[in-house]
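Peer 1:
Residue numbers (our numbering): 542 to 825.
1. Closest to residue 698 by C-alpha separation, out of 631, 757, 801, would be which residue?
2. By how many angstroms is the C-alpha of residue 619 removed from the C-alpha of residue 753?
3. Would you kindly report the start and end of the unbroken alpha helix (DSSP H) that includes residue 761?
4. Does residue 748 pass the burial test, meaning 16 or more other C-beta atoms within 10 Å, or should it be called exposed?
5. Would you kindly work out how many angstroms separate the C-alpha atoms of residue 582 and residue 743, rounded to a whole number?
6. Does the distance from the C-beta atom of residue 763 to that of residue 695 stay below 8 Å?
7. Give every residue of the same chain whose Cβ lies closer than 6 Å to the Cβ of residue 712, excluding the five residues on either side of it in the sequence, and list them in chain order.
8. Just to confirm before moving on: does the CB-CB distance between residue 689 and residue 770 stay below 8 Å?
9. Are the CB atoms of residue 784 and residue 814 nearer to each other than 8 Å?
10. Rounding to the nearest angstrom, what Cα-Cα distance links residue 667 and residue 759 in this structure?
11. Buried or exposed: which applies to residue 685, given that a residue is buried once 16 or more other Cβ atoms fall within 10 Å of its Cβ?
12. Could you tell me which whole beta strand (DSSP E) segments of length 3 or greater appear in the stretch 758-818?
13. If contacts are defined as beta-carbon pairs under 8 Å, then residue 654 and residue 601 qualify, I think. What distance do you get, rounded to the angstrom?
14. Just the Cα atoms here: how many angstroms apart are residue 630 and residue 614?
15. Assuming contact is defined by CB atoms lying nearer than 8 Å, are residue 735 and residue 660 in contact in what I supplied?
16. Determine, for residue 731, whether the minimum Cβ-Cβ distance to residues of chain D falls below 8 Å.
17. Assuming residue 720 contacts residue 658 under a Cβ cut-off of 8 Å, what Cβ separation, rounded to an integer in Å, is found between them?
18. Going by Cα to Cα distance, which pick from 573, 798, 632, 633 is closest to residue 740?
19. With H, G and I counted as helix, E and B as strand and the rest as coil, what does DSSP make of residue 674?
20. Since residue 579 and residue 637 are thought to touch, with beta carbons under 8 Å apart, how far apart are those beta carbons, to the nearest angstrom?
21. Can you give the Cα-Cα distance for residue 805 and residue 751, rounded to whole angstroms?
22. Roughly how many angstroms separate the alpha carbons of residue 570 and residue 778, rounded to a whole number?
23. So residue 572 and residue 811 are in contact, right, with Cβ under 8 Å, and what is the actual spacing, rounded?
24. Looking only at its own chain, which residues have a Cβ that is under 7 Å from the Cβ of residue 646, when we skip the five neighbours before and after it?
25. Less than 7 Å between C-beta atoms, sequence neighbours within five positions excluded: which residues of the same chain meet that for residue 706?
26. Kindly list the residues whose CB is nearer than 6 Å to the CB of residue 585, restricted to its own chain and excluding five residues on each side of it in sequence; keep chain order.
27. Residue 679: which of 641, 669, 592 sits nearest, CA to CA?
28. Does the Cβ of residue 722 have 16 or more other Cβ atoms within 10 Å, making it buried, or fewer, making it exposed?
29. Take residue 643 and list the residues in its own chain whose beta-carbon comes closer than 8 Å to its own, dropping the five residues that flank it on each side.
30. Assign residue 562 to one of three DSSP states: helix, strand, or coil.
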C-alpha cells in the first residue's frame, strides 16, 4: 500500500481482514439474528480503527487524525467516516451507550504512541480500553445485567493478552510493538531483541509462560461468566470462547510461539467448541 495522506479516509488504511479471520468467534451463528447488525457494526468500526493504529507506513499524526475523525463520527460532529456513522446510527436506534466505542478508540490512540508496557498492571489497563469494551457492548446489545461486567472484563483481558502472546514476534518485527511487560523481561534477563529470533531463548520462554499463567488466572475468574448470561445463545458463544481461550493459554505455557504453531486448526477449534456448547446446554 502506498503512503497515506491525512486527506485520505480511514478506509484507506483497511487491511481487508474480516470477522472470520479473527482468533475467536465474532457474532457467530450462535448469536441471534436480531443482535447481529449492531455487533457487526461495532466489529467493522473496531477492525478499521485497529488497521489504522497498526498501519506500517502512516505516521503517528496521520493515524491520530483518522482516529479523531472516527471519534467525531461517533459523537455526531462529523459524517466523514462511514463506519463510525453506521455505528452511531445503529447505537441510536437501539439506545446503546456510545462509551464502549469511545473507550475502544482510546486503546487505538495508545497504539499510535506507546510501544512498550512497563508492568502487567499497565497491560491490563490497556486491555481495559482495547478488549473489555467489546464484551461490554455485546452484553448491552443483549440487554444483559451489567453485574456481569467483572467476569466479562477478566475474559476479554485474557483474550487480548493471549492474542498478544501468539503474535509477539510478528508485532515486534512489523510494528516494533511489545506487549510483554518490560519488568518481567528484565527479571528473567530476556531481551526485547530476542523476539526477532527463530525460537525463544529460555528466559523469553519463561516470560511468555508467566503471562500465559496470568491469563489462566483471569480465565478462572471468568469461568462462571457463561452460566450467568440470560440469553442462552450468547451464553453458549461465551462458553465456546472461554474453552478456546483455556486451550490456547495452556498451549502458550508449553509451546514457543516464535517457533511452534499455537493457533487452533479448524478441526481442533470445532471439537473444542462442540464440547463447550454441549456443556453449556447441559448446565442449563
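Don't be surprised by glycine CBs; every beta carbon is placed ideally from N, CA and C.
Peer 2: On the basis of the coordinates in this document:
1. 757
2. 41 Å
3. 743-763
4. buried
5. 43 Å
6. yes
7. 718
8. yes
9. yes
10. 15 Å
11. buried
12. none
13. 6 Å
14. 10 Å
15. no
16. Reference to chain D is not applicable here, since this structure consists of a single protein chain.
17. 6 Å
18. 798
19. helix
20. 7 Å
21. 21 Å
22. 9 Å
23. Actually they do not touch by this definition, with Cβ atoms about 17 Å apart.
24. 590, 608, 611, 612
25. 749, 752, 753, 793, 798
26. 624
27. 641
28. buried
29. 612, 615, 616
30. With a pLDDT of 46 at residue 562, under the threshold of 50, the predicted position of this residue should be treated as unreliable, though the coordinate-derived value follows. Residue 562: helix per DSSP, three-state reduction.
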